[in-house]
Amino acid sequence: MRIKCPICGERDHREFYYRGAALTRPDPDAGEGAWDDYVYLRDNPAGETRDLWYHAAGCSAWVVVTRNTLTHAVSSTELAEKT
Amino acid sequence: MGLLSKGFSGLRVLKEGLTGNTGWTPHWRDPEPKAEYDILIIGGGGHGLATAHYLASVHGLTNVAVLEKGYIGGGNIGRNTTIVRANYFLPGNSEFYSHSLKLWEGLEQDLNYNVMHSQRGIFNLFHSDGQRDAFARRGNAMINQGDDAILLDRDGVRKHLPYLDYDNVRFPVYGALYHPRGGTARHDAVAWGYARGADSRGVDILQNCEVTGIDIEGGVVKGVQTTRGAIRAKKVGIVVAGRSGQVAAMAGMRLPIESHVLQAFVTEGLKPVIDNVVTFGMGHFYISQSDKGGLVFGGDLDSYATYAARGNLPTVEHVMEAGMTLMPMIGKAKILRSWGGIMDMTPDGSPIIDKTGIDGLYIDCGWCYGGFKAVPASGHCFAHLIATDRPHEAATGLRMDRFRTGYGIMDEEGTGSQHNLH
Numbered sequence: 000m001r002i003k004c005p006i007c008g009e010r011d012h013r014e015f016y017y018r019g020a021a022l023t024r025p026d027p028d029a030g031e032g033a034w035d036d037y038v039y040l041r042d043n044p045a046g047e048t049r050d051l052w053y054h055a056a057g058c059s060a061w062v063v064v065t066r067n068t069l070t071h072a073v074s075s076t077e078l079a080e081k082t
Numbered sequence: 000m001g002l003l004s005k006g007f008s009g010l011r012v013l014k015e016g017l018t019g020n021t022g023w024t025p026h027w028r029d030p031e032p033k034a035e036y037d038i039l040i041i042g043g044g045g046h047g048l049a050t051a052h053y054l055a056s057v058h059g060l061t062n063v064a065v066l067e068k069g070y071i072g073g074g075n076i077g078r079n080t081t082i083v084r085a086n087y088f089l090p091g092n093s094e095f096y097s098h099s100l101k102l103w104e105g106l107e108q109d110l111n112y113n114v115m116h117s118q119r120g121i122f123n124l125f126h127s128d129g130q131r132d133a134f135a136r137r138g139n140a141m142i143n144q145g146d147d148a149i150l151l152d153r154d155g156v157r158k159h160l161p162y163l164d165y166d167n168v169r170f171p172v173y174g175a176l177y178h179p180r181g182g183t184a185r186h187d188a189v190a191w192g193y194a195r196g197a198d199s200r201g202v203d204i205l206q207n208c209e210v211t212g213i214d215i216e217g218g219v220v221k222g223v224q225t226t227r228g229a230i231r232a233k234k235v236g237i238v239v240a241g242r243s244g245q246v247a248a249m250a251g252m253r254l255p256i257e258s259h260v261l262q263a264f265v266t267e268g269l270k271p272v273i274d275n276v277v278t279f280g281m282g283h284f285y286i287s288q289s290d291k292g293g294l295v296f297g298g299d300l301d302s303y304a305t306y307a308a309r310g311n312l313p314t315v316e317h318v319m320e321a322g323m324t325l326m327p328m329i330g331k332a333k334i335l336r337s338w339g340g341i342m343d344m345t346p347d348g349s350p351i352i353d354k355t356g357i358d359g360l361y362i363d364c365g366w367c368y369g370g371f372k373a374v375p376a377s378g379h380c381f382a383h384l385i386a387t388d389r390p391h392e393a394a395t396g397l398r399m400d401r402f403r404t405g406y407g408i409m410d411e412e413g414t415g416s417q418h419n420l421h
């Protein structure tokens, strides 16, 4: 699998650390349910998913990767700070 | 079962051998679905078939069907590294896997089926003083649980495993935690034996029967929709590792699970060379030799969410490097095949057997990369939960709400209860 870093270009996925589903962090006082959702519960889709990868061996950017979990095809990437 | 008519025995093999092998019959029926059952088990893998077997054999509940979207035993039970062990550390896991190993030890007699359970012993190697301390502690936990563990020094390991690279500069072998009752089993036969055990007691095994919806009215489960029609039921158990998220979504549930891929590999058949199960403590690598002679080995997850059932090359490379570091003698063996299984990964790396928020709906999932050894106890405890509405005493720790509450997290590796850390 190759991932296109928006800054560095297409790179081997070994350069990236995988963080998991790209989710919106709840407010600190959003309550137990919202935090359980955010930290633990997952849609875990078989198909298109958006997840966070950290370009550890590159530019240190956090990248949101849209890809297909059934085919490993990466359809788009963008810097997390711009999402 | 008469020894010479239906059951399996040496006498029966002899009789059939002398009479043209004409008396063998299918091990289970292929029935049409009924309109209603007392209990439906979604998933005809090892865990689902074991659940059905124990519902019938322990609880006398035989108006049961197992719904399998493909053919039984075609998922992770049909492709895995077949290791059976009870070397867990934390309360919750410890008693559960201990229970499972005891069931394994009586399984062939219980099922009248040769699952080729081979207690050839497991050596978990350690490579530093700190790792020795950690393994000593784990061994004490295993002994406290009533299981077996022996801490071996380097010379003790060398007697059993003369072929390791003991003098590797980076990862010298300091010793091993030896678990003599651990070993392997024939994975397909486990599925088939449980299927036959359940079927012979009246359970319907419905293959090519994919569940497409779960019917719930007023918070109570009423049955399921399938590709072979609607089936009503009083109770439904979901046990579909690898697809837990999709099936749970049919009931409006989200699970604390991310699906990852675990790759494993088999070489060409070789003469007996690795007598035991051996794990490398400084790189993720474990190996045993099948009865056909193939070296069966695997490593770590690819570590990203996927359902592709195939991995990427960096993990292959890592597994091969780890194997060559530990036992260079395997370097000339040719890899025949590899595969990637879909693993239900939970945040703490431990499984779930629990009720859901829906009356009559139960779930057994989250087996991570360790589901095979758990098959007997998972089936036994899930059957107990479905039959009695109370958790089995060996499975009280496998609760779904441990993540929400933070109480009873079972993080064996001590890496944190968070996705992608196990």
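These protein sequences, in sequence, are chains A and B.
Note that numbering that gives the first Met the number 0 has the first sequence beginning at 0, numbered continuously upward.
Note that numbering that gives the first Met the number 0 has the second sequence beginning at 0, numbered continuously upward.
We put the beta carbon where it would ideally sit given N, CA and C, even for glycine.
Residues of chain B with a Cβ closer than 7 Å to the Cβ of R13 (chain A) are, in chain order, P313. Per DSSP, M344 (chain B) lies in no alpha helix (DSSP H); the unbroken beta strand (DSSP E) holding it starts and ends at I334 to M344. One thing to note: V114 (chain B) has its Cβ no nearer than 8 Å to the Cβ of L102 (chain B). Burial is judged here by how many other beta carbons sit within 10 angstroms of a residue's own beta carbon; D50 (chain A) has at least 16 and is buried.
Judged by pairs of C-beta atoms under 8 Å, the segment 174-194 of chain B touches the segment 59-77 of chain B, as three or more such pairs exist. Listed by position along chain A, the residues whose Cβ is nearer than 7 Å to that of S302 (chain B) are Y17. Within the segment 38-56 of chain A, those residues whose Cβ lies closer than 9 Å to any Cβ of chain B are, in chain order, V38, Y39, L40, R41, D42, N43, P44, A45, G46, T48, D50 and W52.
Bounds of the beta strand (DSSP E) holding H178 (chain B) are G174 to H178. Judged by DSSP secondary structure, D50 (chain A) falls within the beta strand (DSSP E) whose first and last residues are E47 to Y53. At a Cβ-Cβ threshold of 8 Å, P255 (chain B) and L40 (chain A) count as neighbours.
Sequence-distant Cβ neighbours of T305 (chain B) in its own chain, meaning closer than 6 Å and more than five residues away, are V260. Taking a C-beta distance under 8 Å as the contact criterion, V235 (chain B) and L312 (chain B) do not qualify as a contact pair. Annotation: L89 (chain B) is outside any beta strand (DSSP E) and is labelled neither H nor E by DSSP. Around L254 (chain B), the beta-carbon contacts reaching into chain A at under 8 Å are L40, R41 and N43. For D35 (chain A), the residues of chain B that pass the 8 Å Cβ criterion are F402 and R403, in the order they occur in the chain.
For E31 (chain A), the closest C-alpha among the options B:V276, B:T404 and B:H421 is that of B:T404. Beyond the five residues adjoining it in sequence on each side, T48 (chain A) comes within less than 6 Å, by CB distance, of T68 in the same chain, given in chain order. Contact of Y368 (chain B) with chain A is not assigned, every C-beta pair being separated by 8 Å or more.
With a cut-off of 8 Å on Cβ pairs, the segment 380-400 of chain B is not in contact with the segment 268-283 of chain B, counting fewer than three such pairs.
Among the CB atoms of chain B, one or more fall inside 8 Å of the CB of E31 (chain A).
Taking the CA atoms as reference points, R78 (chain B) sits about 10 Å from S337 (chain B). Taking a cut-off of 8 Å for Cβ pairs, the segment 414-421 of chain B and the segment 130-140 of chain B do not touch, as fewer than three such pairs fall below it.
If the five residues before and after A247 (chain B) are omitted, its C-beta is found closer than 6 Å to the C-beta atoms of L254, all from its own chain and listed in chain order.
Counting the other CB atoms within 10 Å of its CB gives Y406 (chain B) a total below 16, which places it among the exposed residues. Taking 8 Å as the CB threshold, H418 (chain B) lines the interface with chain A. Taking 7 Å as the cut-off between beta carbons, none of the residues of the segment 59-88 of chain B comes near chain A.
L10 (chain B) has its alpha-carbon roughly 37 Å from the corresponding atom of Y36 (chain B). Of all residues in the segment 63-81 of chain A, only T68, L69, T70 and H71 place a beta-carbon less than 7 Å from a beta-carbon of chain B.
Contact with chain A is found for P346 (chain B), since one of that chain's Cβ atoms lies less than 8 Å from the residue's Cβ.
Per DSSP, the unbroken beta strand (DSSP E) holding Y285 (chain B) starts and ends at F284 to Q288.
Boundaries for H421 (chain B): no beta strand (DSSP E) harbours it, and the DSSP string shows neither H nor E there.
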